[in-house]
Every structure is written in structure tokens, then in C-alpha cells.
Amino acid sequence: ANNITSATIAAGNIDTLQINTDAVSTPKVQDNAITINTAVQASSTVSINSQTFSDVLSLTWTSTGAPVVAFFNQVWSGTGNAGNFSGSSQLLHIGTGTTTLASPSLSRDNGGGYESTRFFRLDSPSTGTNTVKIQAKKNSANNLTLTSGCGIFVLETKK
């Protein structure tokens with residue numbers, strides 16, 4: 254094997270290269286080049302029994318104030334008259350205040366289930382504790398459930 258202990262490469266192609274451990278130092282990482290993620294998924298089905306919004310799933314992280322992308326996945330089903338059911342949800346961001354990111358319908362005709370995935374960019378979340386959450390309520394006397402497939406994933410861009 255050929256060993257090169259010191260070199261400067263201005264431009265070119267390298268097909269195979271192995272760098273020794275701790276042989277490369279990085280004096281400055283480019284802004285927004287590193288990401289930190291955190292996620293949560295419902296461990297069981299959640300029955301929605303109230304016509305008032307209640308928490309289904311939440312995720313809290315400590316923010317540096319860098320941009321964040323939050324992914325929400327909702328999976329629901331229900332039963333009702335002729336298989337129809339109706340509900341509402343809220344996708345919230347809580348930092349220094351509370352922001353409703355979206356209010357998706359959880360309705361369906363003829364029974365069955367439904368899934369919705371949405372994502373949002375939070376350009377300037379507050380530094381410190383932030384929370385995103387899914388809240389849901391039923392809109393009538395029918396039965397509504399959010400299943401264990403519900404999840405939240407947050408990706409924060411950091412230096």
C-alpha cells in the first residue's frame with residue numbers, strides 16, 4: 254500500500270481513500286451543516302371521547318433557535334351511523350406562545366381508516382424548551398381513534 258503522510262489536493266477525483274483516525278481537523282463547520290433529530294410515536298391506540306380538544310401526542314426538545322422542520326403523521330379510524338365519523342385535530346407549536354400550524358379534519362365516509370402526513374418549517378423557534386403536539390376531538394356522537402401509527406419527528410439544523 255502507498256502511504257501519503259502529507260498532501261494538498263486542489264482538484265481531482267479520488268476513487269479510494271482512507272483517512273487515519275483523528276487525521277482531519279475541522280476548524281469551522283459550515284452554518285446549518287449539522288442536524289439533530291428527535292421523534293415520538295404513539296405506543297397504543299388513543300380513543301377520542303370528547304368534543305373538546307385533548308392531547309394525543311407531544312414532543313418536547315431544547316432548541317438552539319435554529320430552523321426546525323416538524324413532521325406530523327396522523328392515522329385514524331372510527332365508526333358511526335352508516336360508517337361515517339367526524340373529528341378534528343390541531344397540530345401545534347408551543348415556544349414562547351402557541352401557534353396552530355394546521356387544523357386537519359379527521360372525517361371519513363363509509364368507515365375505514367385514513368392517514369395524513371404534514372410537515373412545517375419553523376424558521377425561528379424560541380431558544381430553550383419547545384413542544385409540538387397533536388390534539389384531537391370528535392365532532393359528533395361517533396367513535397374516533399388515533400392509532401399507534403401516529404408520530405411526530407423534529408429535525409433541527411444546527412451549526
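The sequence shown begins at 254 in the working numbering and counts up one residue at a time.
For each residue, glycine too, the CB sits at the ideal point set by N, CA and C.
Fair warning: this is a prediction, and the values are worked out from it, not measured in the lab.
Review point. Going straight from the alpha carbon of F325 to that of I267, what length do you get?
Key: 41 Å
Check your understanding: So what does DSSP say about L397, is it helix, strand or coil?
Key -> strand
Practice item. Let me know if N383 comes out buried or exposed under the rule of 16 or more other beta-carbons within 10 Å of its beta-carbon. Key: buried
Review point. Smallest Cα separation from S341: which of I257, G350, K391, T400?
Key: K391
Point to revise | Exposed unless 16 or more other CB atoms sit within 10 angstroms - verdict on E368 | key: exposed
Check your understanding: What first and last residue would you give for the beta strand (DSSP E) that runs through F406?
Key -> 404 to 411
Practice item. Buried or exposed for A355, please, with buried defined as at least 16 other CB atoms from any protein chain shown within 10 angstroms of its CB. Key: exposed
Point to revise | Unbroken beta strand (DSSP E) run spanning F373, endpoints | key: 366 to 375
Review point. R374: which of S339, L344, T400, Q304 sits nearest, CA to CA?
Key: L344
Review point. Quick one: is G331 buried, meaning 16 or more other Cβ sit within 10 Å of its Cβ, or exposed?
Key: buried
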